[in-house]
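I have placed the structure first, in the form of structure tokens, so that the comments after it can refer back to it.
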């Protein structure tokens with residue numbers, strides 16, 4: 001367990017676990033018996049193939065969206081927000097750890113924004129408090145992560161209430177490999193009106 005302190009008080013804890021990238025070989029028919037993964041949404045235009053809006057966000061992230069990426073349901077719990085994202089600037093190609101660290105940062109820095117994104121009348125700027133209570137990243141294909149290349153992002157908020165919200169984030173490589181799945185519970189409150 002990792003603990004982060006500020007002013008002598010614990011302000012964050014992290015539980016980190018690792019698994020080696022080992023596969024069982026020699027099976028009849030090849031491959032592992034239990035392999036599946038959520039597919040990247042079909043029909044997404046790639047950032048280099050269609051005119052898209054680029055969102056300038058503070059920090060190390062570049063986002064591009066196109067109309068086809070954001071299909072909304074009338075129910076916020078069923079709405080998916082889709083966009084392309086990548087880290088600004090190049091990351092050394094052979095440094096897998098650097099790409100994983102960049103992706104972990106990208107998943108935590110912007111995920112709670114989905115809570116306002118799925119609402120028809122809410123805006124991220126209306127949030128007075130947005131703080132992570134817990135954040136989990138499951139890396140599925142570590143060696144395929146290239147955080148400085150375009151990745152498809154799909155976010156949803158299946159529940160929000162009582163000043164809290166749950167956000168789920170799936171990230172695929174440009175060629176459709178599911179790289180990571182993230183879950184975050186956050187504390188959210190609107191700005192107070194004075």
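In the UniProt record's numbering, the protein residues as written are 1 to 194. Glycine residues also receive a C-beta, built at the ideal position from the N, C-alpha and C atoms.
Look at residue 132 here: in three-state DSSP terms it is strand. Residue 151 sits close to residue 85, with the two beta carbons spaced by under 8 Å. For residue 97, the enclosing alpha helix (DSSP H) stretches over residues 96 to 109.
By DSSP's assignment, residue 178 forms a beta bridge with 172. If you look at residue 114, you'll find it in the alpha helix (DSSP H) that goes 114 to 117. Minimum Cα-Cα distance from residue 126 among the listed residues 89, 113, 12 corresponds to 113. By the criterion of a C-beta distance shorter than 7 Å, residue 100 is surrounded in its chain by 139, 142, 145, once the five residues flanking it on both sides are discounted. Pairing residue 75 with residue 183, the inter-Cα distance amounts to about 20 Å.
If the five residues before and after residue 170 are omitted, its C-beta is found closer than 7 Å to the C-beta atoms of 38, 154, 178, 181, all from its own chain and listed in chain order.
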